[in-house]
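Structure record follows, encoded as C-alpha cells.
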Amino acid sequence: MICWPAQFKRLAAVLLWLVVAAPCAAASERDFRLAVPAALEGSGLLSHLLPRFSLKMATRVSVVPEGEAAEAALRLAPEGPAVFTGPAGTWHLAAMAPDHGGVARFRDWLASEAGHRALAAYTVDGVTLYVPPALRRVARAEEVIDGDAEAGRALALTHCGRCHVVDRADRLNALGSTPSFEILRGLPDWEERFAGFFARNPHPAFTQIPSVTAPFAIDLPPPIVPLEITVEDLGAILAYVAGMTPPDLGAPLQVQ
C-alpha cells in the first residue's frame, strides 16, 4: 500500500474541488434569480418570455417572490431601465447585482429586436398587453438564424421524427396526429413555435436542453424516452426549418 505525503493529499483534494466546482461557477455567472410581484407573475407574461430568453442566452432564470433575495427585480418604480409597458404601467429592471452577466444579458435581450418580438407574440384573447416602453428608440436589424441546416435536418429526423413528419420522404414514420414541419412552417408564428417548443405541451414532460430546461422532477419521470438536445442542436433545427418553403395555407377562417 502506497502512503502519500500529506501535501500530496491536500493537493489532490484541491484539484478535485476545482474539477467539481468549475462547472457550477460557470453556471452561476449566467443563471440568476428574478424577484417579481405576484400580479406580474400571475399574468403569464414571464412564462412566455423566460423560456425564449433562456434558449437564446443559455441562461436559467429562477423567479422568486417580491422581497426575497435576488440578483434582479421587475418593478413599477423607476429603478433601472424601463423594459416594457403593460396594463399596470411601465416596468423597470432593477439590478441588485449590476455586474452579474446573466442580468446584463436579460436587460440587453429585452431591449433587442428578439425581445420586442417575444413581447409582441404574447397575447390574451388576441390582444397584445405588453409592448416595449414608449418613445424607446432601438435600432432594428434583420435577425439571421445561425446554424447548420443539413445537421438540423438530421437532428429533426432523429428527435422530432418520432412524432412529426419532418419532410415528405419521412411521411410514413410519424404518428399521423401531429402537425408536420411543413404545416408548422406555414404559420405566421412558426419561429416562436419552434424556438420555444420545449415550453409547449406536451414537450416539457420529456424534453431536456442543458442550461434551459429544469431537470425532471423526481416524482414526474418522462412518459417516453427523453428528447435530449443542446442549444446548438436547436439552432441547427431552426436553420433547417427557416430554409423550408412555406406552404400556402390560405386565408384564416372567418367566424361569423
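Per mature numbering (1 follows the signal peptide of the UniProt record, and there is no 0): the sequence shown = residues -26 to -1, 1 to 230. Note that beta-carbon positions come from the ideal geometry of N, C-alpha and C, so glycine has one too. Predicted, not measured: the structure shown is a model, and the values here were computed from it.
query: Between A71, G76, P55, which lies nearest to M31 when the distance is taken from Cα to Cα?
result: For the residues A71, G76, P55, the minimum Cα distance to M31 belongs to G76.
message: Looking only at its chain, what residues have a beta carbon closer than 6 Å to the beta carbon of A(-2), apart from the 5 residues adjacent to it on each side?
response: Low per-residue confidence applies at A(-2): pLDDT is 42, beneath 50, and the placement is therefore not dependable enough to give any value.
query: Between the beta-carbon of A78 and the beta-carbon of A47, is there less than 8 Å?
result: Between A78 and A47, the C-beta spacing is not below 8 Å.
message: Am I right that A9 and G41 are in contact with their C-beta atoms under 8 Å? What's the rounded C-beta distance?
response: The C-beta distance from A9 to G41 rounds to 7 Å, short enough to meet the 8 Å contact threshold.
query: Can at least three beta-carbon pairs, one atom from the stretch 192 to 211 and one from the stretch 127 to 135, be found at a separation below 8 Å?
result: Proximity of the stretch 192 to 211 to the stretch 127 to 135 meets the contact definition, three or more beta-carbon pairs being nearer than 8 Å.
query: Tell me which same chain residues have a C-beta within less than 8 Å of the C-beta of T132, skipping the five on either side of it?
result: Excluding residues within five positions, none has a Cβ falling inside 8 Å.
Alpha-carbon to alpha-carbon, W83 and F6: About 15 Å.
message: Here's the rule I'm using: 16 or more other beta-carbon atoms within 10 Å means buried, otherwise exposed. How should A191 be labelled?
response: Answer is exposed; the Cβ neighbour count stays below 16.
message: Can you list, in chain order, the residues of its chain with a C-beta nearer than 8 Å to that of R4? Leave out the 5 residues immediately preceding and following it.
response: Counting only residues of its own chain and dropping the five nearest sequence neighbours on each side, R4 has a CB closer than 8 Å to the CB of M31, A32, T33, R34, G75, G76, R79, S185.
Sub-8 Å separation of L103 and G60 beta-carbons: Yes, the pair counts as a contact, with Cβ atoms nearer than the cut-off.
- request: Give the DSSP-derived three-state secondary structure of V140 in the structure shown.
  value: It is coil, neither helix nor strand.
task: Below 7 Å CB to CB, which residues in the same chain sit around R145 once its five sequence neighbours on both sides are set aside?
output: The residues are V139.
Under the three-state DSSP convention, the category A95 falls into: Reduced to three states, the DSSP call for A95 is helix.
- prompt: Along the chain, where does the alpha helix (DSSP H) that runs through F80 open and close?
  reply: Unbroken alpha helix (DSSP H) run through F80: 75 to 84.
- request: Go ahead and label P221 buried or exposed: buried means 16 or more other beta carbons lie within 10 angstroms of its beta carbon, across all protein chains shown.
  value: It is exposed - the Cβ of P221 has fewer than 16 other Cβ atoms within 10 Å.
- prompt: Count the other CB atoms within 10 Å of the CB of G170; is the residue buried (16 or more) or exposed (fewer)?
  reply: That one is buried.
message: So for S36, helix, strand or coil by DSSP?
response: In the three-state scheme derived from DSSP, where H, G and I count as helix and E and B as strand, S36 is classed as strand.
message: Can you find the residues in the same chain that come closer than 7 Å, C-beta to C-beta, to P55, ignoring five residues on each side of it along the sequence?
response: The residues are H66, L67, R81.
- request: Closer than 7 Å by C-beta to T219: which residues in its own chain qualify, once you throw out the five before and the five after it? Chain order, please.
  value: Correct list: empty, nothing qualifies.
- prompt: If you compare alpha carbons, which of T187, A71, F155 is closest to E202?
  reply: From the listed residues T187, A71, F155, the smallest Cα separation to E202 is found for T187.
Beta-carbon proximity of M70 to A44, cut-off 8 Å: Yes, these two residues count as a Cβ contact at 8 Å.
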